[in-house]
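Chains as they are written, first to last, in the numbering used here: chain A, 199 to 239; chain B, 14 to 500; chain C, 495 to 602. One structure is given below, encoded as structure tokens.
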Amino acid sequence: MFEGKLFVAFGERDGVPGPVMTEVLKAAGLDVIYQVTECFV
Amino acid sequence: MGGNPVVQSYAYLLAHAPEFVRYGSKPKREIGIDPGLAGKIEKHLRSFEEAVRYPPNQVFLGNLHPEDLATSPAPWWQNPVAGATRDGAYGPFLDQLEVYGFLKAVDQFDLVWFTPEFTRRLVQILQNHSLILPADVANLGQGYPIDKIRSKIENEKSLPLFYQGDLIGAIHRAHDEDEALQADVLLENLVTKASGALAVRALLKRSGIGPEAIDYILSCSEEAVGDRYQRGGGNLAKAVGEACGLINATGSDVKAFCAGPVYAIVHAASLVKAGVFDRVIVFGGGCQCKLGMKFAGHLKHDMPILEDVLAGMAFLITQDDGVSPVIRLESVGKHKIGDGSSQQEIFTSLVVRPLEKLGMKMTDVDKIATELHNPEVTLPQGSGNVPLTNYKMIAALAVMRKEIGRGDMEQFIARHGMPGFSPTQGHIPAAVPYLGHAADAMAAGKINNALFVAKGSLFLGRMSRLSDGLSFFLEKNNGTSDMNKSK
Amino acid sequence: MDSENQALMMRLAEEHGKEKLVVVLGAADPEGVEISAETLTIGDPSFAGPLAGVPLGLQVYHILEPEFKNIIPEAVYQEKLGIFELTSDGAALGEALSKIRQQGKAKG
Numbered sequence: 199m200f201e202g203k204l205f206v207a208f209g210e211r212d213g214v215p216g217p218v219m220t221e222v223l224k225a226a227g228l229d230v231i232y233q234v235t236e237c238f239v
Numbered sequence: 014m015g016g017n018p019v020v021q022s023y024a025y026l027l028a029h030a031p032e033f034v035r036y037g038s039k040p041k042r043e044i045g046i047d048p049g050l051a052g053k054i055e056k057h058l059r060s061f062e063e064a065v066r067y068p069p070n071q072v073f074l075g076n077l078h079p080e081d082l083a084t085s086p087a088p089w090w091q092n093p094v095a096g097a098t099r100d101g102a103y104g105p106f107l108d109q110l111e112v113y114g115f116l117k118a119v120d121q122f123d124l125v126w127f128t129p130e131f132t133r134r135l136v137q138i139l140q141n142h143s144l145i146l147p148a149d150v151a152n153l154g155q156g157y158p159i160d161k162i163r164s165k166i167e168n169e170k171s172l173p174l175f176y177q178g179d180l181i182g183a184i185h186r187a188h189d190e191d192e193a194l195q196a197d198v199l200l201e202n203l204v205t206k207a208s209g210a211l212a213v214r215a216l217l218k219r220s221g222i223g224p225e226a227i228d229y230i231l232s233c234s235e236e237a238v239g240d241r242y243q244r245g246g247g248n249l250a251k252a253v254g255e256a257c258g259l260i261n262a263t264g265s266d267v268k269a270f271c272a273g274p275v276y277a278i279v280h281a282a283s284l285v286k287a288g289v290f291d292r293v294i295v296f297g298g299g300c301q302c303k304l305g306m307k308f309a310g311h312l313k314h315d316m317p318i319l320e321d322v323l324a325g326m327a328f329l330i331t332q333d334d335g336v337s338p339v340i341r342l343e344s345v346g347k348h349k350i351g352d353g354s355s356q357q358e359i360f361t362s363l364v365v366r367p368l369e370k371l372g373m374k375m376t377d378v379d380k381i382a383t384e385l386h387n388p389e390v391t392l393p394q395g396s397g398n399v400p401l402t403n404y405k406m407i408a409a410l411a412v413m414r415k416e417i418g419r420g421d422m423e424q425f426i427a428r429h430g431m432p433g434f435s436p437t438q439g440h441i442p443a444a445v446p447y448l449g450h451a452a453d454a455m456a457a458g459k460i461n462n463a464l465f466v467a468k469g470s471l472f473l474g475r476m477s478r479l480s481d482g483l484s485f486f487l488e489k490n491n492g493t494s495d496m497n498k499s500k
Numbered sequence: 495m496d497s498e499n500q501a502l503m504m505r506l507a508e509e510h511g512k513e514k515l516v517v518v519l520g521a522a523d524p525e526g527v528e529i530s531a532e533t534l535t536i537g538d539p540s541f542a543g544p545l546a547g548v549p550l551g552l553q554v555y556h557i558l559e560p561e562f563k564n565i566i567p568e569a570v571y572q573e574k575l576g577i578f579e580l581t582s583d584g585a586a587l588g589e590a591l592s593k594i595r596q597q598g599k600a601k602g
């Protein structure tokens with residue numbers, strides 16, 4: 199269902215941070231083109 | 014030297030600054046896009062009395078404890094504390110006039126100008142103030158004519174300063190072109206300096222120790238003091254030390270984003286334990302740029318703008334005095350560079366490992382203080398409840414380590430955690446707002462220990478995506494220090 | 495979602511084409527997740543950023559939704575995301591975001 203899609207990892211420091219999300223998405227064989235980690239405070 | 018050091022004294026302060034909310038980073042940018050917002054924001058600013066009576070503020074200043082907040086009716090902003098006083102057990106609550114006065118009192122480069130009338134008013138307010146030092150009133154000067162102030166605002170990009178609708182002054186840039194010395198940057202830095210200095214002065218009063226007895230001062234604040242060639246050059250610590258008469262001290266800044274305070278306390282404790290210095294002050298000044306950061310959420314829910322207070326805090330670290338809470342330096346928790354960024358890895362390094370070193374389980378520590386941002390500030394903006402999010406992670410980790418059952422998570426959080434109560438002033442909420450309360454609770458025999466856990470967001474500076482955090486374990490003094498033995 | 499990140503997403507959508515992009519959120523607070531998801535699909539609900547009133551129509555998921563659990567290798571999932579099974583409701587997030595995705599499709 200994600201065939202050919204480009205992924206943007208929009209992480210949050212207190213949830214799932216960008217680097218962790220990128221790692222798991224790549225482990226699933228997905229193409230991550232950008233990552234961000236938000237900090238709300 | 015040799016034994017673990019102690020937190021001998023602590024002070025916290027709040028400074029009501031509704032006139033500075035317009036210059037907070039988020040409000041300033043949004044007002045720039047939509048000038049009509051200024052009026053809406055103004056309508057939602059609180060009076061000083063309202064800010065004083067606000068339950069989380071009373072907790073921050075030590076008149077209430079975090080556990081009192083857990084049973085205070087919500088929403089807190091609609092349930093003021095009856096009989097609340099501006100005199101906190103841990104330090105004072107300054108009003109806007111005092112903020113203006115002390116801002117000018119610590120201004121050594123004539124960056125802040127007030128009109129002569131306003132200056133006279135500030136002199137009146139400051140001259141008998143409990144935190145005044147001799148040089149302060151002289152530094153207030155005589156003031157400048159309003160037309161000269163207006164000219165600076167119109168022609169030299171000075172930021173106008175207001176009080177209750179009237180233009181009463183301005184803050185100037187220190188250089189025509191240098192971006193690091195523009196008025197907004199200098200306002201931020203001077204605010205941190207003033208609030209930090211006042212927290213240190215309050216600390217000295219509370220501890221009864223003379224300023225000349227301090228040998229080192231560390232800042233853990235997040236401002237950038239410098240010029241275009243060295244934008245983060247820093248050493249605001251020494252500037253604050255000067256403003257507090259610490260004639261025998263030098264200082265330096267600890268920069269670690271929001272985790273700064275915990276790093277600075279560990280650095281201070283290490284210096285004392287190693288015998289390099291005997292009495293080290295760690296302070297954090299207020300964050301001007303964080304004022305009104307979540308204003309949109311507050312406006313949306315027709316709430317007052319809760320981020321109208323600057324905060325300051327200061328701690329005195331000394332050798333073991335046989336009485337004060339002890340910092341167990343042998344088990345500082347660190348999130349290592351090689352550790353991953355998952356919540357599991359972060360809290361394993363910051364909570365599990367340091368406790369393991371002490372032969373303890375997560376359930377053995379009485380209180381865990383994490384980032385203590387007041388959730389009433391963050392929830393309306395969709396930013397969540399930061400302390401609770403952290404406690405859920407810690408509790409979940411305890412379940413994964415089979416220390417508690419899944420059904421015990423809520424109870425674990427209630428027992429070992431606490432509601433957030435700190436103003437969302439960057440580094441200020443980093444676990445250490447609980448330090449004074451922990452010391453009180455230990456003295457009252459209510460707890461034996463507490464773990465202080467802070468996290469930093471390094472990625473914000475675009476130099477690293479790493480997670481960051483540090484923790485330290487604080488313990489009730491068992492009264493068997495070398496100091497006592499030698500008596 | 496702050497203005498800078500909204501602008502960033504608009505740029506990426508323009509560069510790669512919004513049909514090709516999938517945004518995966520990792521925020522801890524469910525309400526914050528929904529606000530971010532709405533912002534990227536039907537427009538900024540707070541009317542405060544570049545995406546105010548702009549339905550970008552992107553596909554937005556949360557990393558804890560079942561769609562990802564099914565394709566991420568189990569060992570990796572457990573190690574990096576396992577803890578959230580105790581603190582978050584991936585299925586509930588999935589339901590909430592499904593609705594928003596539907597709305598996004600209808601508008602975009």
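Note that beta-carbon positions come from the ideal geometry of N, C-alpha and C, so glycine has one too.
Beta bridge counterpart(s) of M326 of chain B as assigned by DSSP:
B:Y25 and B:G297
Within its chain, find whatever has a CB closer than 6 Å to the CB of I260 of chain B; leave out the 5 residues flanking it on each side and keep chain order.
E225
Taking only beta-carbon positions, decide if S592 of chain C is within less than 9 Å of chain A.
no
Can you check which of these residues, B:R133, B:V339, B:H78 and B:V445, is closest to V94 of chain B by C-alpha distance?
B:H78
Which term fits E235 of chain B, buried or exposed, when burial requires 16 or more other beta carbons within 10 angstroms of its beta carbon?
buried
Quick one: list the residues of chain A neighbouring R502 of chain B, beta-carbon separation under 7 Å, in chain order.
Residue coverage of chain B in this structure runs from 14 to 500, which leaves residue 502 of chain B outside it and unanswerable.
Distance between beta carbons of M495 of chain C and L552 of chain C, contact taken as under 8 Å:
Not quite, the Cβ-Cβ distance comes to about 12 Å (not below 8 Å), so this is no contact.
Thinking C-alpha only, which one of B:E32, B:A207, B:R244 and B:L74 is nearest G254 of chain B?
B:A207
Given E201 of chain A as reference, the closest of A:R211, A:G216 and A:D229 once Cα atoms are compared:
A:D229
By the criterion of Cβ-Cβ separation under 8 Å, what are the contact partners of S396 of chain B in chain C?
D523 and G526
What runs of the beta strand (DSSP E), each 3 residues or longer, lie entirely inside the region 246-315 of chain B?
263-266 and 293-297
Determine the chain C residues that contact V239 of chain A at a beta-carbon separation under 7 Å, and present them in chain order.
Going along chain C, no residue has its Cβ under 7 Å from V239 of chain A, so there is no contact; the nearest lies around 12 Å.
Helix, strand or coil: how does DSSP classify V467 of chain B here?
Note that residue 467 of chain B is Ala in the sequence shown, not Val. A467 of chain B falls in the strand class under three-state DSSP.
Which bits of chain B does V218 of chain A rub up against, with CB to CB less than 8 Å?
G353, S354 and S355
Between F578 of chain C and chain B, is any beta-carbon pair separated by less than 9 Å?
yes
When DSSP labels each residue in this structure, what does N462 of chain B get in the three-state scheme?
strand
Entirely enclosed beta strand (DSSP E) segments - the region 100-159 of chain B, minimum 3 residues
125-127
Is the beta carbon of A309 of chain B less than 9 Å from the beta carbon of I294 of chain B?
no
Assign F122 of chain B to buried or exposed, taking buried as 16 or more other Cβ atoms, counted over all protein chains shown, within 10 Å of its Cβ.
exposed
Based on Cα-Cα distance, which residue from C:Q597, C:K599 and C:L519 lies nearest to G584 of chain C?
C:L519
Please classify F578 of chain C: does DSSP put it in a helix, a strand, or coil?
helix
What does the alpha-carbon distance come out to for the pair K498 of chain B and D334 of chain B?
Annotation note: pLDDT 46 at K498 of chain B (below 50); position unreliable, no value reported.
Distance between S38 of chain B and Q356 of chain B (C-alpha atoms, nearest Å)
29 Å
Could you check how far apart the C-beta atoms of L216 of chain B and A327 of chain B are, in whole angstroms? I think they sit under 8 Å.
4 Å
Taking 9 Å as the CB-CB limit, is K563 of chain C close to chain B?
no
Would a C-beta distance cut-off of 9 Å place E320 of chain B and P436 of chain B closer than the cut-off?
yes
Just the chain C side, please: which residues come within less than 8 Å of E236 of chain A by C-beta, in chain order?
M495, D496, N499 and A521
Where D212 of chain A meets chain B, residues with beta-carbon distance less than 9 Å:
Q356, E384, G397, V399, T402, N403, M406 and K468
How should S480 of chain B be labelled, buried or exposed, when 16 other C-beta atoms within 10 angstroms of its C-beta is the threshold for buried?
buried
Using only CA atoms, which one of B:V213, B:P129 and B:L135 lies nearest to D108 of chain B?
B:L135
If you compare alpha carbons, which of A:K224, A:Q233, A:G209 and A:E236 is closest to P567 of chain C?
A:K224
According to DSSP, residues forming a beta bridge with L231 of chain B
B:S265 and B:V295
Just the C-alpha distance for V222 of chain A and G246 of chain B, rounded to the nearest angstrom, thanks.
39 Å
Exposed or buried, what is S362 of chain B when buried is set at 16 or more other beta-carbons lying within 10 Å of its beta-carbon?
buried
Determine the direct distance from the alpha carbon of A30 of chain B to that of G511 of chain C, and round the result to whole angstroms.
46 Å
Does DSSP classify Q233 of chain A as helix, strand or coil?
strand
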